[in-house]
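Peer 1: Residue numbers (UniProt numbering): 1 to 662. Glycine included, C-beta positions come from ideal geometry on N, C-alpha and C. Here it is, the structure in full.
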Amino acid sequence: ETEPLTSKKDVSDCNKGEDCKENGLLVRNPKSALRLVEDGNKVHPSQGDKGEAAQISNGYSAVQSSGPCNGMGDGEDAPCTAPAATTTTTTTTSTTCGAEGQQQLMELEDRETWSKKIDFLLSVIGYAVDLGNVWRFPYICYQNGGGAFLIPYTTMAVFGGIPLFYMELALGQYHRNGCISIWRKICPIFKGIGFAICIIDLYIASYYNTIMAWAFYYLISSFTAELPWTSCTNPWNTGNCTNYFSKDNISWSVHSISPAEEFYTRQVLQVHRSKGLDDLGGISWQLTLCLLLIFTIVYFSIWKGVKTSGKVVWVTATFPYIILFILLVRGATLPGAWRGVLYYLKPDWQKLLATEVWVDAAAQIFFSLGPGFGVLLAYASYNKFHNNCYQDALITSTLNCMTSFVSGFVIFTVLGYMAEMRNEDVSEVAKDTGPSLLFITYAEAIANMPASTFFAIIFFLMLLTLGLDSTFAGLEGVITGVLDEFPHVWGRRRELFVLGLITICFLGSLATLTFGGAYVVKLFEEYATGPAVLTIVFLEAVAVSWFYGITQFSNDVKEMLGSAPGWYWRVCWAAVSPLFLLFITCSFLSHPPELRLFDYDYPYWTTVVGYCIGTSSIIFIPTYMVYRLIVTPGTLKERILKSITPETATEIPFGDIRMNAV
Numbered sequence: 001e002t003e004p005l006t007s008k009k010d011v012s013d014c015n016k017g018e019d020c021k022e023n024g025l026l027v028r029n030p031k032s033a034l035r036l037v038e039d040g041n042k043v044h045p046s047q048g049d050k051g052e053a054a055q056i057s058n059g060y061s062a063v064q065s066s067g068p069c070n071g072m073g074d075g076e077d078a079p080c081t082a083p084a085a086t087t088t089t090t091t092t093t094s095t096t097c098g099a100e101g102q103q104q105l106m107e108l109e110d111r112e113t114w115s116k117k118i119d120f121l122l123s124v125i126g127y128a129v130d131l132g133n134v135w136r137f138p139y140i141c142y143q144n145g146g147g148a149f150l151i152p153y154t155t156m157a158v159f160g161g162i163p164l165f166y167m168e169l170a171l172g173q174y175h176r177n178g179c180i181s182i183w184r185k186i187c188p189i190f191k192g193i194g195f196a197i198c199i200i201d202l203y204i205a206s207y208y209n210t211i212m213a214w215a216f217y218y219l220i221s222s223f224t225a226e227l228p229w230t231s232c233t234n235p236w237n238t239g240n241c242t243n244y245f246s247k248d249n250i251s252w253s254v255h256s257i258s259p260a261e262e263f264y265t266r267q268v269l270q271v272h273r274s275k276g277l278d279d280l281g282g283i284s285w286q287l288t289l290c291l292l293l294i295f296t297i298v299y300f301s302i303w304k305g306v307k308t309s310g311k312v313v314w315v316t317a318t319f320p321y322i323i324l325f326i327l328l329v330r331g332a333t334l335p336g337a338w339r340g341v342l343y344y345l346k347p348d349w350q351k352l353l354a355t356e357v358w359v360d361a362a363a364q365i366f367f368s369l370g371p372g373f374g375v376l377l378a379y380a381s382y383n384k385f386h387n388n389c390y391q392d393a394l395i396t397s398t399l400n401c402m403t404s405f406v407s408g409f410v411i412f413t414v415l416g417y418m419a420e421m422r423n424e425d426v427s428e429v430a431k432d433t434g435p436s437l438l439f440i441t442y443a444e445a446i447a448n449m450p451a452s453t454f455f456a457i458i459f460f461l462m463l464l465t466l467g468l469d470s471t472f473a474g475l476e477g478v479i480t481g482v483l484d485e486f487p488h489v490w491g492r493r494r495e496l497f498v499l500g501l502i503t504i505c506f507l508g509s510l511a512t513l514t515f516g517g518a519y520v521v522k523l524f525e526e527y528a529t530g531p532a533v534l535t536i537v538f539l540e541a542v543a544v545s546w547f548y549g550i551t552q553f554s555n556d557v558k559e560m561l562g563s564a565p566g567w568y569w570r571v572c573w574a575a576v577s578p579l580f581l582l583f584i585t586c587s588f589l590s591h592p593p594e595l596r597l598f599d600y601d602y603p604y605w606t607t608v609v610g611y612c613i614g615t616s617s618i619i620f621i622p623t624y625m626v627y628r629l630i631v632t633p634g635t636l637k638e639r640i641l642k643s644i645t646p647e648t649a650t651e652i653p654f655g656d657i658r659m660n661a662v
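What follows is the structure, encoded as structure tokens:
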């Protein structure tokens with residue numbers, strides 16, 4: 001009889017380099033099986049097709065392990081193999097040798113899971129549905145053919161976005177690791193992808209939360225009888241301020257500026273006190289306090305893990321839908337709303353012949369669903385092993401796309417109302433893009449509605465909740481990745497690590513809190529993250545499809561869900577999705593956007609700086625590849641083979657395995 005699965009004897013024997021068993025010997029181990037049943041904290045490592053088990057009718061099996069003590073063996077010559085008792089099911093049990101095995105067992109015992117399935121779904125929905133759904137999709141839709149744009153958008157979602165979304169959920173749920181350590185079980189040489197993801201998430205946290213600070217400033221300013229962006233009598237207004245909503249006959253000239261625009265640019269951002277990126281000016285203390293409060297909320301929402309953040313998203317993920325419904329009903333009752341809806345959906349079929357329309361559709365669905373940021377891997381890793389992640393992927397991605405579409409009605413009913421009041425065409429009103437669409441155009445429309453204070457409060461509160469759960473998700477991607485990679489250092493110190501991470505993000509945001517901070521936000525949004533994330537997800541898809549193998553990945557999914565993915569998913573993962581990503585990346589690099597914000601044209605050197613910031617994250621991928629090949633022993637061929645071979649098996653919690661009684 002062999003020792004129990006986690007016995008010290010097995011570990012010590014392996015450490016000495018001795019054979020754990022003689023090859024081909026059948027081992028009977030009923031006591032180990034009984035102890036596994038009695039002790040729920042024991043684990044069931046499984047490696048799919050990596051270990052071949054000869055099933056015997058009496059319920060025993062002989063197992064040849066494919067991994068030695070150091071996790072870098074060649075398979076057949078591995079000096080340490082461990083037998084395992086199993087039942088007549090096709091499930092195989094093997095042990096991991098040495099201190100690495102003890103670490104993996106400890107991680108599994110301590111790993112938390114979602115309290116309820118709905119916590120996971122709301123967290124993923126809250127992550128995918130963010131501020132971009134409200135301002136980016138409606139603008140891109142009417143700019144690229146209105147209703148006709150839904151054809152390339154749906155096509156790119158079906159063949160590119162949703163397969164990648166599903167792939168990340170399945171990877172995270174099966175391997176139960178964050179974005180860094182998961183590569184030990186897939187393809188170790190690509191581990192630099194995990195470090196690059198963490199850097200990108202930090203960059204995003206440094207500017208994305210500043211946009212929420214703007215929304216928070218608006219929210220505080222809304223608690224007045226008369227909203228401050230409705231008149232031209234405030235200290236920040238200039239002589240060009242023109243309130244065309246006033247009852248007096250006001251003539252609108254070329255130099256006229258609305259009070260909402262002056263409030264946004266001269267009071268909130270104060271960009272007039274900055275000359276550009278080469279002279280950002282001082283730091284706005286009002287925005288600094290707003291951002292500090294936001295990061296405080298974020299810290300106490302995620303410091304304890306997914307069990308606390310999973311409860312917070314019950315508010316932050318559901319509240320925006322309530323507000324969107326209220327604003328949709330209100331917008332539909334405004335005069336001229338039909339003009340905005342017609343402009344939003346009127347199809348321009350000629351646009352479908354333009355390549356840039358398909359590029360915009362691909363980029364929109366990709367950044368909307370959000371693969372490549374480590375979030376889906378992290379959230380899915382806290383699922384139970386047999387959770388139906390396929391169903392989750394379809395539900396959340398479909399709901400995300402529908403939210404974007406409905407948000408367009410919320411925005412354009414109000415733009416139609418604005419056009420009616422100005423006696424202008426909708427195209428003249430809908431010139432603002434990005435945050436300006438929310439903070440200038442929509443804010444101005446709300447200010448001139450009945451019960452404007454109420455609608456302003458709920459609108460900016462909605463923007464806050466949309467941004468908060470996306471911030472929860474982005475930081476959780478970093479936290480899970482680092483804690484899984486360094487469990488002995490940070491495993492028991494999550495609260496301290498989260499505090500340090502929040503502090504770093506706050507300090508990194510100081511440049512965006514300056515008077516020229518809006519210019520920095522625009523630069524980071526366009527250059528620092530976009531091309532880098534596209535490159536990362538492309539390499540991730542290639543690593544999983546061509547190195548780890550579509551067959552092996554499909555077997556992993558079958559082990560979790562009971563059925564293997566169909567040919568459609570396999571073709572998308574192996575060919576269509578990588579080509580989809582390559583198409584977007586090449587289009588972006590061949591036609592980099594020309595940046596302009598307000599009256600400021602970005603100089604050429606800022607483009608170089610933007611690409612340098614983006615490269616600073618991607619550089620971790622080739623750097624780690626070189627490091628890996630240097631530290632791996634053997635000839636160059638042996639080093640490459642070991643570097644693309646999974647180091648360790650994936651451990652499956654024993655409680656999730658159905659075993660027949662012996």
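Taking 7 Å as the cut-off, decide whether the C-beta atoms of Trp135 and Leu438 are in contact.
Peer 2: Yes. Within cutoff.
Peer 1: Taking all protein chains shown into account, decide if Gly562 is buried (16 or more other Cβ within 10 angstroms of its Cβ) or exposed.
Peer 2: Exposed.
Peer 1: Please name the residue in Phe598, Leu579 and Thr645 whose C-alpha comes closest to that of Pro163.
Peer 2: Checking every option, the nearest Cα to that of Pro163 belongs to Leu579.
Peer 1: Mapping DSSP to helix, strand and coil, what is Arg176?
Peer 2: DSSP places Arg176 in coil when its eight states are reduced to three.
Peer 1: Suppose the cutoff is 8 Å on Cβ atoms and the five residues either side in sequence are ignored; what does the same chain contact list for residue 686 look like?
Peer 2: What is shown of the chain runs 1 to 662, which leaves residue 686 out entirely.
Peer 1: What does a CB cutoff of less than 8 Å around Glu526 pick up in its chain, not counting 5 residues either side in sequence?
Peer 2: Only Pro593, Leu595 and Gly610 meet the Cβ criterion.
Peer 1: Quick one: residues in its chain with C-beta nearer than 6 Å to the C-beta of Phe149, no 5 flanking neighbours on either side, listed in chain order?
Peer 2: Cβ within range, chain order: Cys141.
Peer 1: Count the other CB atoms within 10 Å of the CB of Ala85; is the residue buried (16 or more) or exposed (fewer)?
Peer 2: Only weak support exists for where Ala85 lies, its pLDDT of 34 falling under 50; the coordinates are left without a value.
Peer 1: Helix or strand or just coil, what does DSSP make of Tyr379?
Peer 2: In the structure shown, Tyr379 sits in a helix (DSSP, three-state: H, G or I).
Peer 1: Quick one: is Gly282 buried, meaning 16 or more other Cβ sit within 10 Å of its Cβ, or exposed?
Peer 2: Classification for Gly282: exposed.
Peer 1: So, is Val608 buried or exposed, given that buried needs 16 or more other C-beta atoms within 10 angstroms?
Peer 2: Result: exposed.
Peer 1: Could you tell me the boundaries of the alpha helix (DSSP H) in which Met449 lies?
Peer 2: Unbroken run through Met449: none, as it is neither H nor E.
Peer 1: To which residues of the same chain is Trp236 closer than 8 Å at the C-beta, ignoring the five residues directly before and after it?
Peer 2: The answer, listed in chain order, is Glu262, Phe263, Arg266 and Gln267.
Peer 1: Please work out which residues of its chain come closer than 6 Å, Cβ to Cβ, to His272, disregarding the five sequence neighbours upstream and downstream, and give them in chain order.
Peer 2: Taken in chain order, the residues that qualify are Arg266.
Peer 1: Note down, one range per segment and in chain order, each beta strand (DSSP E) of at least 3 residues found wholly within the segment 132-171.
Peer 2: Counting whole runs of 3 or more residues, the segment 132-171 contains no beta strand (DSSP E) stretch at all.
Peer 1: According to DSSP, is Leu597 helix, strand or coil?
Peer 2: Correct three-state label for Leu597: strand.
Peer 1: Can you say whether Asp360 is buried or exposed, counting buried as having 16 or more other CB atoms within 10 angstroms of its CB?
Peer 2: By the 10 Å Cβ count, Asp360 comes out buried.
Peer 1: Three or more C-beta pairs under 8 Å: does that hold for the segment 203-219 against the segment 491-510?
Peer 2: Result yes; three or more Cβ-Cβ pairs closer than 8 Å.
Peer 1: Measuring only the C-alpha atoms, how far is Tyr604 from Leu581?
Peer 2: Approximately 27 Å between the Cα atoms of the pair.
Peer 1: When the Cα atoms are used, what is the spatial distance from Val312 to Val498?
Peer 2: Roughly 17 Å between the two C-alpha positions.
Peer 1: Who are Thr514's beta bridge partners in DSSP?
Peer 2: Partner(s): Ile283.
Peer 1: Looking at Ile446 and Ala456, is the spacing between their C-beta atoms short of 7 Å?
Peer 2: Yes, these two residues count as a Cβ contact at 7 Å.
Peer 1: Between the alpha carbons of Phe385 and Leu377, how many angstroms are there, rounded?
Peer 2: Going from the Cα of Phe385 to the Cα of Leu377 covers about 13 Å.
Peer 1: Alpha carbons only, please: which of Phe137, Phe159 and Phe120 is nearest the one belonging to Trp567?
Peer 2: It is Phe159.
Peer 1: Could you pull the start and end residues of the alpha helix (DSSP H) that Asn407 belongs to?
Peer 2: The sequence shown places Ser at residue 407, not Asn. Taken as a continuous stretch (DSSP letters only), the alpha helix (DSSP H) holding Ser407 covers Cys389 to Arg422.
Peer 1: Considering only C-alpha positions, which residue in the set His175, Ala575, Leu629 and Ser587 is nearest to Asn555?
Peer 2: Checked all of His175, Ala575, Leu629 and Ser587; the closest Cα to Asn555 is His175.
Peer 1: Alpha carbon to alpha carbon, what distance is there between Lys431 and Asn144?
Peer 2: Taking the straight line from one Cα to the other gives about 14 Å.
Peer 1: Determine whether the beta carbon atoms of Thr471 and Val298 lie at a separation below 7 Å.
Peer 2: Cβ distance < 7 Å, so Thr471 and Val298 count as in contact.
Peer 1: Does the segment 391-401 touch the segment 184-191, meaning 3 or more C-beta pairs lie closer than 8 Å?
Peer 2: Touching, no, given that fewer than three Cβ pairs across the two stretches are closer than 8 Å.
Peer 1: Which of the three DSSP states is assigned to Cys612 in this structure?
Peer 2: Here Cys612 sits in helix by DSSP.
Peer 1: Please return the same chain residues whose Cβ sits closer than 7 Å to the Cβ of Ala213, not counting the five positions on each side in sequence.
Peer 2: Here the set comprises Leu287, Cys290, Leu291 and Ile294.
Peer 1: Using the three-state DSSP reduction, which class does residue 703 fall into: helix, strand or coil?
Peer 2: Outside the shown range of the chain (1 to 662) lies residue 703, about which nothing can therefore be said.
Peer 1: Do you know how far the Cα of Gly372 is from the Cα of Phe319?
Peer 2: Each residue's alpha carbon lies about 26 Å from the other.
Peer 1: What's the C-alpha gap between Trp338 and Pro622?
Peer 2: Distance between the alpha carbons of Trp338 and Pro622: 53 Å.
Peer 1: Check Ile630 in the structure and name its three-state DSSP category.
Peer 2: If DSSP states are grouped into helix, strand and coil, Ile630 belongs with the helices.
Peer 1: Tell me, to the nearest whole angstrom, how far the beta carbon of Pro531 is from that of Thr585; I am working on the premise that it is less than 8 Å.
Peer 2: At roughly 6 Å, the Cβ-Cβ gap stays under 8 Å, so Pro531 and Thr585 are in contact.
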